[in-house]
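Data block below; observations after.
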Amino acid sequence: MQSTTFRADAVLFDMDGTLTDSIAAVEAAWGAVAVDLGLDLETVIAATHGKRAIDNLSFYRPEIKPHEMDAAVEAFEQSILDFADSFNKIKGRSMPGSESNGSEFSERPSSDSGESTPVLSSASASSSRSGSLSTPSSPTDPSAGARRPSFATRLSDMLVSALPEDSPVFDESPESNYTANDAQKKATEDDVDAARETEAEAVDRSIRILPGVKDMIECIPDGRYAVATSGAKTYAFGAMTRVGITPPPVTITADDKRLKAGKPAPDPFLLAASCLGFDARRCVVFEDSPSGIRAGVASGATVIAVCTSHERAKIEGCGAHFIVEDMRSVQCKMEGEGEGMKLVFTVEH
Numbered sequence: 045m046q047s048t049t050f051r052a053d054a055v056l057f058d059m060d061g062t063l064t065d066s067i068a069a070v071e072a073a074w075g076a077v078a079v080d081l082g083l084d085l086e087t088v089i090a091a092t093h094g095k096r097a098i099d100n101l102s103f104y105r106p107e108i109k110p111h112e113m114d115a116a117v118e119a120f121e122q123s124i125l126d127f128a129d130s131f132n133k134i135k136g137r138s139m140p141g142s143e144s145n146g147s148e149f150s151e152r153p154s155s156d157s158g159e160s161t162p163v164l165s166s167a168s169a170s171s172s173r174s175g176s177l178s179t180p181s182s183p184t185d186p187s188a189g190a191r192r193p194s195f196a197t198r199l200s201d202m203l204v205s206a207l208p209e210d211s212p213v214f215d216e217s218p219e220s221n222y223t224a225n226d227a228q229k230k231a232t233e234d235d236v237d238a239a240r241e242t243e244a245e246a247v248d249r250s251i252r253i254l255p256g257v258k259d260m261i262e263c264i265p266d267g268r269y270a271v272a273t274s275g276a277k278t279y280a281f282g283a284m285t286r287v288g289i290t291p292p293p294v295t296i297t298a299d300d301k302r303l304k305a306g307k308p309a310p311d312p313f314l315l316a317a318s319c320l321g322f323d324a325r326r327c328v329v330f331e332d333s334p335s336g337i338r339a340g341v342a343s344g345a346t347v348i349a350v351c352t353s354h355e356r357a358k359i360e361g362c363g364a365h366f367i368v369e370d371m372r373s374v375q376c377k378m379e380g381e382g383e384g385m386k387l388v389f390t391v392e393h
């Protein structure tokens with residue numbers, strides 16, 4: 045391992061997978077979309093990772109009209125937060141940030157802490173976002189090594205147990221069949237909703253702050269860092285406040301009308317740097333996904349990739365200047381004062 049030190053003017057953070065871990069809730073939300081549309085869960089999750097909700101919904105829900113899209117994105121991203129909150133609500137636990145900004149950081153336990161953390165669903169085993177978010181198993185756990193059943197598997201099992209064994213016999217007259225079929229469809233929809241709610245309340249998909257994030261943010265003065273995320277405002281602000289991060293004044297979200305394109309285009313990072321008043325080439329980007337890393341590189345920034353959501357092999361060829369396990373491998377301190385102040389980074393890599 046070697047150590048590299050360099051200076052920069054400001055920091056541009058990605059959010060999901062970089063500052064926060066909400067992968068379980070995100071996958072559940074896309075899993076619900078897949079179930080609703082009768083599509084393969086693994087395919088939908090793999091296709092939607094790292095892309096804006098507006099782009100994914102435009103593809104999977106082409107019937108949504110342009111003037112309805114903003115509301116559809118907001119509703120979808122609220123569903124992510126609902127999945128994240130369901131477990132704590134049913135257990136009667138408080139959820140920092142779900143009603144107001146959290147005052148405390150709630151850090152995701154490190155892999156050697158011995159504490160349980162949310163795991164990826166089995167569907168994610170085939171996607172690139174895997175590896176570092178697995179739950180460490182207790183040595184005495186008889187199910188050690190087993191993955192949690194996916195959202196779709198749990199939902200399917202619950203539906204099978206909820207539906208009657210024998211289908212009712214309907215009158216063969218057209219009018220009677222119409223009424224009976226309508227009633228059966230409504231009953232099935234109610235079963236799906238009930239099973240989905242039960243499944244959501246049984247799995248802890250709480251949003252966590254990732255290792256090293258708290259210390260890193262506390263090292264950087266106000267006005268010297270921004271967030272540029274592929275999440276829209278509802279999800280981005282909701283996720284950050286739930287782990288005690290106050291969204292900085294410069295928070296660029298996917299629904300920002302000033303953006304012409306999302307990641308992997310550099311636009312989000314270029315806009316964030318401009319709003320801070322710095323040249324992106326004098327900034328540091330923290331990212332976790334291939335598309336985000338490419339966006340940071342294209343902006344001209346120095347890119348530090350964290351292996352918090354993707355295996356190292358999945359991001360090694362994306363152009364990042366440094367690849368580390370998480371932010372605990374990066375130290376930051378201030379040098380100088382006023383407008384000439386610099387941020388001094390030391391990266392262990």
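Per this note's numbering, the sequence shown runs over residues 45 to 393.
We put the beta carbon where it would ideally sit given N, CA and C, even for glycine.
Since this is a predicted model, take the numbers as computed values, not measurements.
Can you check which of these residues, the options, is closest to residue i by C-alpha distance?
i	options	result
glutamate 121	Arg268, Ile289, Thr390, Ala276	Ala276
glycine 321	Gly384, Ala298, Met113	Gly384
asparagine 132	Val247, Glu112, Pro110, Glu355	Val247
lysine 358	Gly380, Pro334, Met260, Glu381	Pro334
methionine 260	Val374, Pro110, His354	Val374
valine 350	Phe330, Ala317, Ala309, Ala316	Phe330
glycine 256	Arg249, Val271, Ser250, Cys376	Cys376
aspartate 370	Gly380, Cys362, His354, Ile98	His354
glutamate 107	Thr87, Leu81, His93	Leu81
valine 271	Ala317, Gly361, Lys304, Thr87	Ala317
Measuring CB to CB, does residue i end up less than 8 Å from residue j?
i	j	result
proline 312	alanine 342	no
glycine 306	alanine 324	no
phenylalanine 389	valine 328	yes
threonine 62	threonine 346	no
glutamate 118	threonine 297	no
lysine 59	threonine 273	The question names lysine, but residue 59 in the sequence shown is methionine. In contact: methionine 59 and threonine 273 (Cβ atoms closer than 8 Å).
leucine 125	glycine 282	yes
valine 368	isoleucine 337	no
leucine 315	arginine 326	no
isoleucine 264	leucine 83	no
valine 68	arginine 249	For clarity, residue 68 is alanine in the given sequence; the question names valine instead. Cβ atoms of alanine 68 and arginine 249: closer than 8 Å.
Could you check the C-alpha separation between residue i and residue j for me, to the nearest Å?
i	j	result
valine 70	methionine 378	36 Å
alanine 115	phenylalanine 127	18 Å
aspartate 65	leucine 254	6 Å
glutamine 46	arginine 372	15 Å
aspartate 332	arginine 356	10 Å
alanine 54	tyrosine 269	5 Å
aspartate 300	glutamate 392	35 Å
serine 123	glycine 382	43 Å
alanine 3	isoleucine 251	With the chain represented from 45 up to 393, any question about residue 3 goes unanswered, as that position is not in the structure.
glycine 363	histidine 111	37 Å
phenylalanine 366	glycine 380	25 Å
leucine 85	aspartate 129	22 Å
alanine 280	arginine 96	12 Å
aspartate 266	glycine 94	28 Å
alanine 91	cysteine 319	31 Å
leucine 177	aspartate 99	With a pLDDT of 32 at leucine 177, under the threshold of 50, the modelled position of this residue cannot be trusted; read the value that follows with caution. Cα to Cα, the separation comes out at about 26 Å.
valine 79	lysine 109	22 Å
isoleucine 89	methionine 284	22 Å
lysine 304	glutamate 360	28 Å
glutamate 262	threonine 87	39 Å
Grab the span of the alpha helix (DSSP H) containing residue i for me, first residue to last.
i	result
methionine 260	257-263
alanine 270	Element bounds for alanine 270: not the alpha helix (DSSP H) but the beta strand (DSSP E), 269-272.
phenylalanine 13	This structure leaves residue 13 out entirely; the chain is present only between 45 and 393.
methionine 31	Past the edges of the chain, shown from 45 to 393, lies residue 31, and the structure says nothing about it.
isoleucine 348	No alpha helix (DSSP H) contains isoleucine 348, which is instead part of the beta strand (DSSP E) from 346-350.
threonine 87	85-92
lysine 307	Note, lysine 307: premise wrong, no alpha helix (DSSP H); not H, not E.
lysine 358	356-359
aspartate 80	67-81
valine 247	It is not in any alpha helix (DSSP H) - valine 247 carries neither H nor E in the DSSP assignment.
isoleucine 289	Unbroken run through isoleucine 289: none, as it is neither H nor E.
alanine 298	Counting along the chain, alanine 298 falls outside any alpha helix (DSSP H), and DSSP gives it neither H nor E.
Return the first residue and the last residue of the beta strand (DSSP E) that residue i is part of.
i	result
arginine 51	47-52
lysine 109	Here lysine 109 belongs to no beta strand (DSSP E), and DSSP marks it neither H nor E.
isoleucine 367	366-368
phenylalanine 322	From DSSP, phenylalanine 322 is part of no beta strand (DSSP E); its letter is neither H nor E.
leucine 387	386-392
glutamate 379	374-379
Please check if any C-beta of chain B sits within less than 8 Å of the C-beta of residue i.
i	result
glycine 336	Looking for chain B here will not work: only one protein chain is present.
Within the chosen definition, does the region 101-110 reach the region 288-305 through at least 3 CB pairs nearer than 8 Å?
-> The region 101-110 is not in contact with the region 288-305.
Three or more C-beta pairs closer than 8 Å, one from the region 46-57 and one from the region 69-85: is that the case here?
-> No, they do not touch.
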